[in-house]
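A.B. asks:
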Amino acid sequence: MKEKIKKINQKGKKYFKRVKEEHLIKKAFQENSLFYLFVLVCVINSTMLRFFTMHTLENYLAIKPIIADLGIVILLGSFSYLFKGKKRYTYLLVCSIFFTAICMINSIYYTFYTSFASASMLSLAQFIAPVGDAVVENVLQLKDLLYIIPVLIFIFYYHRLKKKGKIESYGKKERKTKWLHTMIAGAITMVVFVFTLSSLEVGRFIKQWNREYIVMRFGIYLYQGNDVIKSLQPKISAMFGYDEAKRKFDDYFKEKSDERDYTNEYTGILENKNIIVIHAESFQSVALDRSFNGVEVTPNMNKLIKESLYFSNFYSQVSVGTSSDTELTFNTSLMPTQNGTAFVSYFDRVYNGTPKFMKEKGYYTFSMHANNADFWNRRAMHESLGYDKFYSKETYKTKGEETIGLGLSDKSFFRQSVEKMKKIKEDHDKFYGLLISLSNHTPFSDVEKYGEFKVTMNEEVVGEDGTTSIVEHPYLEGSKLGNYFKSIHYADEVLGEFFQELDEAGLLDNTAVIIYGDHDARLPKKDYVKMLNYDMATETVKDNDDPTYQEFNSYHYELNRKVPFLIWTKDGTIEPRVVDDVMGMYDVQPTISNMLGFYNKYALGHDIFEIKDQNIIVFPNGNWLTNKVYYNSQKGEYMSLKEEEVIDEDYIKKNSDYTEKLLDVSNNIIVFDLLNPNKDEQKVSKEEAK
Ligand code: GP9
Ligand code: MN
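Quick note on this note's numbering: the sequence shown kicks off at 53 and runs consecutively.
1) I'd like the list of long-range same chain contacts for D377, defined as Cβ closer than 6 Å, with 5 residues on each side in sequence excluded.
2) Compare the beta carbon distance of N667 and R312 with 8 Å and say whether it is the shorter of the two.
3) Return yes when the Cβ of G271 is within less than 8 Å of the Cβ of D121, no when it is not.
4) Can you tell me the Cα-Cα spacing of P628 and L361, whole angstroms?
5) From Q552, D700, K582, pick the residue whose C-alpha is nearest to that of K680; which is it?
6) Between which two residues does the beta strand (DSSP E) carrying L486 extend?
7) Could you tell me the alpha carbon to alpha carbon distance between G503 and S491, rounded to whole angstroms?
8) I'd like the ranges of any alpha helix (DSSP H) spanning at least 4 consecutive residues and lying wholly in the stretch 108 to 134.
9) With a threshold of 8 Å on Cβ separation, who are the neighbours of P672 within its own chain once the five nearest residues in sequence on each side are excluded?
10) Assuming S376 is part of the alpha helix (DSSP H), what are its boundary residues?
11) Assuming F168 and Y275 make a contact with CB atoms under 8 Å, what is their CB distance in whole Å?
12) At a threshold of 7 Å, does E435 count as lining the ligand GP9 (C-beta to nearest heavy atom)?
13) Is the number of C-beta pairs between the stretch 134 to 142 and the stretch 253 to 266 that are closer than 8 Å three or more?
14) Under 6 Å Cβ to Cβ from K474, same chain only, skipping five residues before and after it: list those, please.
15) Measure the beta-carbon distance from M509 to M588 and round it to whole angstroms, keeping in mind my assumption that it falls under 8 Å.
16) What whole-angstrom Cβ distance do Y398 and P286 have, given they're in contact under 8 Å?
17) Going by other Cβ atoms of all chains shown within 10 Å of its Cβ, with 16 needed for buried, is I540 buried or exposed?
18) Just jot down, in chain order, the residues whose CB lies closer than 5 Å to any heavy atom of the ligand GP9.
19) Tell me which residues share the same chain as A807 and place their Cβ nearer than 8 Å to its Cβ, disregarding the 5 neighbours each side in the sequence.
20) Measuring alpha carbon to alpha carbon, tell me which of V280, E471, D659, Y690 ends up nearest L174.
21) Taking the alpha-carbon of S221 as reference, which of K282, Q260, S132 has the nearest alpha-carbon?
22) Mind reading off the beta-carbon distance from A392 to K282? Whole number of angstroms is fine, and I expect it under 8 Å.
23) Note down, one range per segment and in chain order, each beta strand (DSSP E) of at least 3 residues found wholly within the stretch 311 to 355.
24) Is the beta carbon of D303 within less than 7 Å of some heavy atom of the ligand MN?
25) Is any heavy atom of the ligand MN found at a distance shorter than 7 Å from the C-beta of D570?
26) Could you tell me the boundaries of the alpha helix (DSSP H) in which K259 lies?
27) Mind checking whether T152 and V95 have CB atoms under 8 Å apart?
28) Which class does D587 belong to by DSSP, given the choice of helix, strand or coil?
29) Identify whether D725 lies in helix, strand or coil by the three-state DSSP scheme.
30) How about S334: is its Cβ closer than 7 Å to a heavy atom in the ligand MN?
31) Roughly how many angstroms lie between the CA atoms of T592 and L533, to the nearest whole one?
32) For A80, count neighbouring Cβ atoms within 10 angstroms of its own Cβ and tell me buried if that reaches 16, exposed if not.
33) State the beta-bridge partners of V513 as determined by DSSP.
34) For the beta strand (DSSP E) containing L611, list its first residue and its last residue.
35) Do you know how far the Cα of Y448 is from the Cα of Q468?
36) Do Y416 and F505 have their C-beta atoms closer together than 8 Å?
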């Protein structure tokens, strides 16, 4: 062994001696200077793009995108070694022009949309028009032209080398070796990059969660490559299986009537009222009716619930598209897609969206959200859903305003939104508007901005002399769940203020307010266990053999993911009532459309006042929930929710089949654009053209 180490050591020393004596590093630089310059050009441009666009310290200090860009550029550039002399230069030049074009297009796009460009938008005229103008107006912007300079330097450098006769021409074998070595260098760089990634970052990359977020971590080149694949995916999936999908679709809806065939006590109750919908970010029911040392976590929401039509067993049905999936399901009564997200990949399909129906009824429809318009591709998708206007980040004042988590604080967002709504009320007879909150977003770590709310546990201790004192135990302080309660306490406070401001502006008159929690807060199970089983004496979690220990298993976790859903009117048009039958996000449109006076035949959920206790909530992963059972499709197991009821195999099979069929039809509707009335005609004309 010792011998071996000695040998390796000697070999290494010899190698370094050779490198030193023969000036191998210098030589390598000289021989490959054109290649190195190419790499530099492409990486400088991508770095410049990030510097000119996202002005945050996190971005300025980001090293990951540089490694990613390096890896991509080296890998692609390595092929240049397969070409001889001038051809090698031409290849590198074409590549650098290609990379530079990506940077320039994104630079221009960013100026207009505060986001990065997407290939999927190229098919949309709405995109081309403003960007076409943008190019003209922006062509004189110096920063967009700066990207050309490194390329010019590259061209100049090549010609100088050529003049000096320093363009190396390698033999076939040497070229192959060089290509291989460079490829390996590129691959190693990519491996190093992959090791720097967290699973959260990888997940968000796959979902194309937020373009800025991706570019800040993966660099512009990887972002754009991923974007092109994402843009092609829906086109490829829609190429096969249309006829089968259409047949199943027709079959699924053949029994459903074209018009609403029932009325109930809620029919038309909200017709002609203004509607304000609040999308409450990560608002999970676990925070409701909960206090710490006598202080309620969500006092405003608790009060509101008492005055509302409230659905106490309501669940969101999100997949990887989280917020955007809920918006889809809430508005269309369709389920999230099985691959990708509807908002990002299938924004160009026809949707029977609630805003679209409301528009037909003469309403002005709008959405408001203080984040980038391209986050979850809302700019495009909100139009597809039927919103007349999307008031996104660029319409809000952000300078000098407080930020929390992902962006502008909810306090500022709602305050500024009321001002916008006052104007809307002046300009339009009736409106249907959605406000999407933001501050209560994971990881709930901006704790110092949430206020003074404490998640401790006070204990009254009687001393030997009979006097009582309070001992404060840390309880949930420092845990993610604890921070979540602080965050949601802030969100609730904002909600209270918002209602007050709306009222002062007269915006609650002749108005119904609808609030939903968009999805659960994805909090760790162990935090719930601690919440339920805290031992003040030891300030730790009780042992699970303690007689007072409360179990919190994976079924409890799933059932605990419920979110609030309520409908409230100031004038009592909607009477307070609690509906405790299970209800999913996809039941919202069928339920409220009856109140608002429109009908969507292709809704997959039900009016809860018709289906009542027979309802079933289908989850995107195939799980389902009824008043009797929570079924886990992966394990093929279930938890009975009513001890006295006997669940037979038939019940499980019937509901599992229903779930499978519904998920399939929903996915087909979106992928094959089956709600598009022109779809069949398009198909016929394509076949005729063949
Ligand atoms: C983004 C916000 C959060 O604008 O709605 O999205 P999420 O991460 O919850 O899907
Ligand atoms: Mn969300």
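Every residue gets a Cβ at the ideal spot worked out from N, C-alpha and C, and that includes glycine.
C.D. replies: Taking the definition as stated:
1) The beta carbon of D377 sits closer than 6 Å to the beta carbons of V370, S371, P388 from its chain, once the five residues preceding and following it are set aside; these are given in chain order.
2) For the 8 Å CB-CB criterion, N667 and R312 do not form a contact.
3) For D121 and G271, yes; Cβs fall inside 8 Å.
4) Pairing P628 with L361, the inter-Cα distance amounts to about 5 Å.
5) Selected option, being the one with the closest Cα: D700.
6) Residues 483 to 488.
7) So the two alpha carbons sit approximately 13 Å from each other.
8) Taking only runs of at least 4 residues, the alpha helix (DSSP H) segments lying wholly in the stretch 108 to 134 are 109 to 112, 116 to 130.
9) Around P672: Q369, V370, S371, D377, M387, P388, Q390, L715.
10) S376 -> alpha helix (DSSP H) spans 374 to 384.
11) Contact holds; Cβ gap of about 6 Å.
12) Not under cutoff, so the answer is no.
13) The stretch 134 to 142, when compared against the stretch 253 to 266, does not touch it at the 8 Å Cβ threshold.
14) Excluding five sequence positions before and after K474, the CB atoms of its chain that fall closer than 6 Å to its own CB belong to A557, given in chain order.
15) Taking 8 Å as the upper bound for CB-CB distance, M509 and M588 are in contact here, some 6 Å apart.
16) Contact holds; Cβ gap of about 5 Å.
17) Burial call: buried.
18) Counting only beta-carbon distances shorter than 5 Å to the non-hydrogen atoms of the ligand GP9, the qualifying residues in chain order are T374, S375, N423, F427.
19) For residue 807 there is no data in the structure shown, the boundaries of the chain being 53 and 742.
20) With distances taken between Cα atoms, L174 lies closest to V280.
21) Measuring C-alpha to C-alpha distances from S221 to each of K282, Q260, S132 identifies S132 as the nearest.
22) Looking at the sequence itself, residue 392 is Gly, so the reference to Ala does not match. Distance from G392 to K282 at the Cβ level is roughly 7 Å; contact confirmed, criterion being Cβ atoms closer than 8 Å.
23) For the stretch 311 to 355, the full-length beta strand (DSSP E) segments reaching 3 residues or more read 326 to 332 along the chain.
24) No, since every heavy atom of the ligand MN falls outside the 7 Å radius drawn around the Cβ of D303.
25) D570: yes, Cβ under 7 Å from the ligand MN.
26) Looking at the DSSP string, the run of the alpha helix (DSSP H) that includes K259 is 251 to 259.
27) No, these two residues do not count as a Cβ contact at 8 Å.
28) Of the three classes helix, strand and coil, the one that applies to D587 here is strand, per DSSP.
29) Coil.
30) At least one heavy atom of the ligand MN falls within 7 Å of the beta-carbon of S334.
31) Each residue's alpha carbon lies about 15 Å from the other.
32) Residue burial is scored here from C-beta neighbours: A80 has fewer than 16 other C-beta atoms within 10 angstroms and is therefore classed as exposed.
33) Under DSSP, the beta-bridge partners assigned to V513 are S521.
34) Residue range 606 to 611 is occupied by the alpha helix (DSSP H) that includes L611, with no beta strand (DSSP E) assigned at that position.
35) Approximately 7 Å, taken between the alpha carbons.
36) Not in contact: Y416 and F505 (Cβ atoms no closer than 8 Å).
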